[in-house]
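Count along the sequence shown from 1, then add 3; that gives the number in this note's numbering. Working notes for the structure below.
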Amino acid sequence: MCENCKQIDQRAITVLPYSPGETIENRHERLIALLVTGHTDASAARQLGVSRRTVTYMLRSMMDELGINNRFQLGIAVGARSRICAACPSPRQPAMTGHRT
């Protein structure tokens, strides 16, 4: 696992409930870190100390901000913006499987 992916994974594990002075951007980053590591909306909500409906609202807010229509597009957009690891496969490049074509 690359260093960037380890950092995302570590942020998801150490997430604490929101604090009153936290920015929207920070909240979105924390939510994304949880979802990237496999949390459902409900489990991410529990980790963050908010309702599932708040998680849905946050995701919709991110989609509106980026001008996209669904969670798949949101995943692609977030992945493209955070792609800094050459060791990880890019969305346009399949992972190496050991087979030559």
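Ideal Cβ placement from N, Cα and C applies to all residues, glycine included.
Item                                                                                                        : Value
4-residue-minimum alpha helix (DSSP H) runs that sit fully inside the region 44-88, ordered along the chain : 44-51, 55-69, 74-85
Spatially closest choice to Leu-77 from Val-39, Arg-30, Asn-29, Gly-24, by CA coordinates                   : Val-39
Rounded C-alpha distance that separates Gly-24 from Arg-30                                                  : 11 Å
Alpha-carbon spacing of Phe-75 relative to Arg-33, whole angstroms                                          : 18 Å
Under the three-state DSSP convention, the category His-31 falls into                                       : helix
Cβ neighbour criterion (16 or more within 10 Å) applied to Ala-45                                           : exposed
CB of Ser-64 within 9 Å of CB of Ile-35, strictly                                                           : no
Rounded C-alpha distance that separates Leu-51 from Leu-69                                                  : 23 Å
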